[in-house]
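Encoded as structure tokens, the structure appears first; notes follow it.
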Amino acid sequence: MVYYAPQSLPDALGQLAGGDVRIIAGGTDFFPALGEKAAPPKLMDVSRLKELRGISRVENGWRIGAAARWTEIIQADLPPCFDGLKLAAREVGSWQIQNAGTIAGNLCNASPAADGVPPLLSLDAVVELSSTGGVRLLPVADFITGVRRIDLGADELVSAVIVPDQPEGANSHFLKLGARKYLVISIAMVSAVVWLDQHRKIAGARIAVGSCSAVATRLPGLEAALIGHSVAELTDDRDIWTGHLGPLSPISDIRGSGDYRLDSAAELCQRTVLAAMNSKGNARG
Amino acid sequence: MDKPVSDNKIAFRLNNHEVTAEAVVGERLSQTLREKLGQRDVKIGCNAGDCGACTVLVDGNPVCACLTATQQVSGANVETLTGLVADDDTAKKLVETFQDNGAAQCGICTPGMMVTSVALLRQNPRPDTEQIEDALGGVLCRCTGYRKIIDAVHDAAGRENIAKADGSGAVGTTIRRLDGLRKVNGTEKFGDDIAPPDALVLRVVRSPFARAAFTLGDLDEYVARTDGIEAVLSAADIPGRNLFGVIPEFADQPVFAETETRFRGEAVAAVIGSPEIMRDLDMDAFPVEWRELPSSATVSEAIAANAPQLHANRAGNVMCGGLVQCGDADAALANADIVVEGNFRSGFVEHGYIEPEAGYATYENGKVEVHVCTQAPVMNLQALEIILGWNKSRIRIMPTAIGGGFGSKLDISVQPFLALGAIKTGKPVRMTYSRTESMQSTTKRHPSEIHLKIGARKDGSISGFRFFGDFNTGAYASWGPTVANRVPVHASGPYRISDYRAESRGIHTNCPPSGAFRGFGVPQSAIAQETLFDELAEKLGLDGLEFRILNALEDHVPTVCGQVFEQGVGIKACLEALRPGWKAEKAAAKTYNAKAEKDGSPHRMGVGIAGGWYGCGNTSLPNPSTIKAGIRADGSIVLHQGATDIGQGSNTVISQIFAQALGISVHSLELINGDTDLTPDAGKTSASRQTFVSGNAARLSALSMRQQILQLCNAPETATLAFGQGNVTVSYGDETHVIDLAKMAVNGEGYVLVSQESYDPPTKPMDKNGQGSPYAQFGYAAHLVVVKVDTRLGTVKALRFIAAHDVGQAINPMLVEGQVQGGIAQGLGMALMEEYLPGRTENLHDYLIPSVGDMPPVQTIIIEDADAHGPYGAKGLGEHVLIPTAPAILNAIHDATGVRIRQVPATPAAVMAALKGSNDVQKGR
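Protein chains in written order, with our numbering: chain H, 209 to 493; chain E, 78 to 1002.
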């Protein structure tokens, strides 16, 4: 029974290389999964590693430390393209959960309903994986490989999430559908990053849907179809939203049928994109 | 360098003191705080971050202590409720405003609510309502309906018109709960807060299958080879009968199944050991072999010809049925001008109290004492008499504070395990159900399958009413027979119906036992009746409210049981009280919807109403309460108040009644609460009977005490009493007598005067057609709700309620409002989000109860149509509240969208399916 509280990233990576250490950060997924069972004998707490903390401007983008908590993300001074991520952060569990849960923990837990994943997909975010062997960068879409499955070596640690610079003027939005207001697992959710041309028509968009497939996924067909359209056109055109949902494969469960999820995803896509287009880029911090 | 915490000693600041605690690797902070640092004000409701009861501040930020490893707070500053109320000015304000608003009912969520509120107010001294909701969204409350908590936070932030519960204490005045302070300062002791940290811990081995045969392995060998295990319990350890049940003639449930389990989660054995061993015990290593057997999950499966039979003496899995009929329903329906009918369905509803079942037992000198959160201490005692085969003098039930009950904590849960464990080991034993264990194994609201047909004449009067309801009563009877009885009596709603037939059946399935849950089946039947009433009114071209008023029961009009009340029938007054709101809200919704349609908005507003009634006390059965009081030689007055306060406020209400009748201030009373050795039986906290029945017993006891005092000096009835140090002064006219209590003989309990009186409501048995006088009084209610429906996502948001309740006489108006708001929150949950599915929604993130953001403001209209039987005219209230809520919401959804939903919960997916269905129908035309 050992609890490691490494003081530096190299220390942490050395421990990992030694084998069979379970990582804990915010604990908000770790403990519910543990239930009434005993904790694993070797735990390593990475939540206090300074290399994993903080949100900073880096060359060509932003670096969000793996152990950045959702509350830090909500409070960070970030450009409007992060509004969707901030809105998602406000939907992660509750204030208590947001004060503890980390961005990398949300990715590593790899729930189909992880609130953090769609906004990171729509930001084209990349996961930085560190090991004693060096650093590996992997797009979020490649990092999460299935339900509760990630591409993470036994000796690797997620050290940061890198968000590349977004196109000039990009705005974003996020919407989550659940059966109650707070503390709810989503039925469907959509995040969108949208940038407009000088005629206020869509120049480009990245749209990601969560809870409607094993892993949250982008909708490239829809993203392409939206280019060149105005708010007015996209308000009236219903078919464009329902016609590009091919990547989704929603299951039916206690929260809703697959058909309901598909319908909702289309509706949420429309609302999310329109909100991002109309956004003045001032989500509540 | 790496810092392996090998000595496991964690140092941090706790409530302004430096502390060091030992914790094993990955130990939850909640566990360490409670068991190693004595911080029992940190409550554990779910161990999964779903309820927020364990919220503490770590370096000022609220987190769930159950999701924090103790090692993670090394060097940090941790604050809990008791520390905050001692040192923090904001917390001190909240202590006052929570009490003045009645923001704590049972008090189990209160530490989480208050700690979170302190953090909010430190960051944002004047939050708006939305900010308060955002902050409190992670703390679940099942009692209050949240609005009084929001008010308390606003008041602590110093808004204008701060609430004050500063009445005199006389009947009809608002005072703080007499037991309120300990609920808000963290000192209240709930079921898991009694045991010393080193008490042995018991865990139960439960069936993983809905039905299974099983064989226990060599238990002695298991105990011998497993370090730290003291004992194992199974059916073989039961000295009396391995049988219990709340209704003796239906008792059918074993403490431990013997060869076959009948539902997922049924107990087969228990393991007892040291706390360290039990915390990490691998329950999968327990020697038991399972063989899954075919099972029935639903009524239709259970009544099929080849279905497994759950109980040998209940053919076809039919537990029992109920019938009420008068006139000729079929003939009246045949003669009706308009007939409506429908099939209605509801699922299991979980009580969702934030305190899981918990308790602690000791065995000394041949007597077992069980400390437990219970709604029915004397029934617990009676159950243990049978299970142990012991005389009741050797058994004592000492109820702890109860962190929510709502009906389920009437049945026994941990009690026999603890008693058997303490007896077998000779040592103190404790246990607390995990959230999943609580949800799997304790009772639920009955799922219902109802067919109802109602006719009306063109003039709007009802012509024929035919109801049939099947109720899934699960594996064991519990309170199923009560549901089967109550439903036919109440299915008419509070309306005059002369041609009526209502039948019900309780059907056994391999599901958890369905039992008592606020309303005993009536909320389910009200959904059918009140939504069909809306349809009838619509088809008749009548206004829904006026149609109900037209048919409402009145004094001197017989109920469907042929019972005629000469007074106290308040439903019409409740309905009429909604008239102004109904007109205004209907107009506002119309305006809103016209604009929404023009703007292409998907949102539609709707207004719905529903009525309800509920008979207070047992159905045609005796249910006496006894209340005792004593006066000591020093002049102190002690009230032995055995009516369990589960948050509803009986400690306060019954004291107010007693004080009023004795003629003293309620604040001069000392309370002794339920304890089967100290307090006489005040019955169970159930059937909305405590204000009415125990309240009457308290009134009679006070009058008897008063009479004894007056007789000491031959004073007239009109005399006033004033208790002083060692004396009581009796005054009337110009005369004053001072009775020197110190000179009077003291009895064994230390009293110079004692009074003890009982009250049993006057009822009469029902005949084979359900004709009789089942209740001495009914309470009445009518709700109005405004909803907003998102017609493209199916989400329904309740915007506001107006709730009119005839309570006869509000003993304490603040507590009445508390019951109304809390009951509405539960009705809202049942209507929109709650369904327990065994094996699928066994936690508080898959099973949703309303959060603070789901519960809108409630305007409570208190109607006081005094009842001749009630103390000072008071009627029961607790259960009445959620009866109209769900149908009012369904009626509002129809008003907003035009679709009728006949199944709850009306989840977004269900509402959307109904909307799409109706669109498809329209397209097909």
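We treat Cβ as the ideally placed atom computed from N, Cα and C, and that holds for glycine.
Contacts around residue i, its chain only, beta-carbon distance under 8 Å, and the 5 residues preceding and following it disregarded
{"i": "H/Ala-308", "result": "Gly-234, Gly-235, Thr-236 and Arg-277"}
{"i": "H/Arg-408", "result": "Ser-438, Val-439 and Met-485"}
{"i": "H/Ser-487", "result": "Pro-288, Asp-291, Asn-379, Ser-380 and His-381"}
{"i": "E/Ala-153", "result": "Phe-89, Arg-90, Val-135 and Asp-136"}
{"i": "E/Ile-584", "result": "Val-376, Ala-379, Ile-380, Asn-394, Val-395, Met-396, Asp-547, Phe-548, Asn-549 and Thr-550"}
{"i": "H/Gly-315", "result": "The sequence given here places Leu at residue 315 of chain H; Gly does not occur at that position. The answer, listed in chain order, is Ala-322, Gly-324, Val-325, Leu-328, Val-335, Val-348, Phe-351, Ile-352, Ile-358, Val-366 and Val-369."}
{"i": "H/Trp-403", "result": "Gln-374, Pro-375, Glu-376, Gly-377, Ala-378, Asn-379, Ile-410, Ala-411, Gly-412 and Ala-413"}
Interface flag, residue i vs chain H, CB-CB below 7 Å
{"i": "E/Gly-103", "result": "yes"}
{"i": "E/Pro-202", "result": "no"}
{"i": "E/Thr-509", "result": "no"}
{"i": "E/Gly-424", "result": "no"}
{"i": "E/Arg-512", "result": "no"}
{"i": "E/Val-140", "result": "yes"}
{"i": "E/Gly-596", "result": "no"}
Classification of residue i by the beta-carbon crowding that lies within 10 angstroms, buried from 16 upward
{"i": "E/Ile-741", "result": "buried"}
{"i": "E/Ala-603", "result": "buried"}
{"i": "H/Ile-435", "result": "exposed"}
{"i": "E/Arg-522", "result": "buried"}
{"i": "H/Leu-293", "result": "buried"}
{"i": "E/Val-634", "result": "exposed"}
{"i": "H/Pro-240", "result": "buried"}
{"i": "E/His-744", "result": "exposed"}
{"i": "E/Ala-382", "result": "exposed"}
{"i": "H/Lys-384", "result": "buried"}
{"i": "H/Leu-345", "result": "exposed"}
{"i": "E/Pro-371", "result": "exposed"}
Residues of its chain near residue i, where Cβ-Cβ distance is below 7 Å and the 5 sequence neighbours each way are ignored
{"i": "E/Ala-1004", "result": "The structure shown does not extend to residue 1004 of chain E, since chain E is modelled only from 78 through 1002, so no value can be given for it."}
{"i": "E/Trp-670", "result": "In the sequence on display, residue 670 of chain E carries Asn and not Trp. Result list for E/Asn-670: Arg-681 and Met-682, in chain order."}
Residue-chain proximity (residue i, chain E), Cβ-Cβ < 7 Å
{"i": "H/Leu-221", "result": "no"}
{"i": "H/Ala-484", "result": "no"}
{"i": "H/Arg-414", "result": "no"}
{"i": "H/Ala-246", "result": "yes"}
{"i": "H/Pro-327", "result": "no"}
{"i": "H/Gly-464", "result": "yes"}
{"i": "H/Thr-236", "result": "yes"}
{"i": "H/Phe-239", "result": "yes"}
{"i": "H/Glu-431", "result": "no"}
{"i": "H/Arg-261", "result": "no"}
{"i": "H/Ser-421", "result": "no"}
{"i": "H/Glu-376", "result": "no"}
Chain-ordered neighbours of residue i on chain E, where CB pairs are closer than 7 Å
{"i": "H/Val-392", "result": "Leu-925"}
Per DSSP, the bridge partner or partners of residue i
{"i": "H/Ser-438", "result": "Partner(s): none; H/Ser-438 has no beta bridge."}
{"i": "E/Asn-154", "result": "E/Arg-90"}
{"i": "E/Pro-476", "result": "E/Val-449"}
{"i": "E/Tyr-553", "result": "In the DSSP output, where bridge partners are listed per residue, E/Tyr-553 has none listed."}
Where residue i meets chain E, residues with beta-carbon distance less than 8 Å
{"i": "H/Asp-253", "result": "Ala-146, Gln-148 and Gln-149"}
{"i": "H/Leu-385", "result": "Leu-870, Thr-872 and Pro-985"}
{"i": "H/Phe-382", "result": "Under the 8 Å cutoff, chain E gives no residues; its nearest Cβ is about 15 Å from H/Phe-382."}
Same chain only: Cβ atoms within 6 Å of residue i, ignoring 5 sequence neighbours per side
{"i": "E/Glu-337", "result": "Ala-290"}
{"i": "H/Asp-253", "result": "Ala-213 and Ile-232"}
{"i": "H/Glu-299", "result": "Asp-323 and Lys-384"}
Closer than 6 Å: residue i CB and nearest the ligand NAP heavy atom
{"i": "E/Asp-632", "result": "Ligands are entirely absent from the displayed structure, and the ligand NAP is therefore not among its contents."}
Interface residues of chain H facing residue i [CB-CB closer than 9 Å]
{"i": "E/Ser-928", "result": "Ser-302, Arg-388, Lys-389, Tyr-390, Leu-391 and Val-392"}
Neighbouring residues, chain H, relative to residue i (Cβ below 7 Å)
{"i": "E/Ala-910", "result": "Note that residue 910 of chain E is Met in the sequence shown, not Ala. The contacting residues are Ala-387 and Arg-388."}
Residues that residue i contacts on chain E, provided the C-beta gap is smaller than 9 Å
{"i": "H/Ser-472", "result": "Arg-869, Leu-870, Gly-871, Pro-985, Ala-986 and Met-989"}
Discussion item. To be precise: take each residue of the region 290 to 313 of chain H, compare its Cβ to all Cβ atoms of chain B, and keep it if any distance is under 7 Å. Which residues remain?
Written reply: In summary, chain B is missing from the structure at hand, where the protein chains are H and E.
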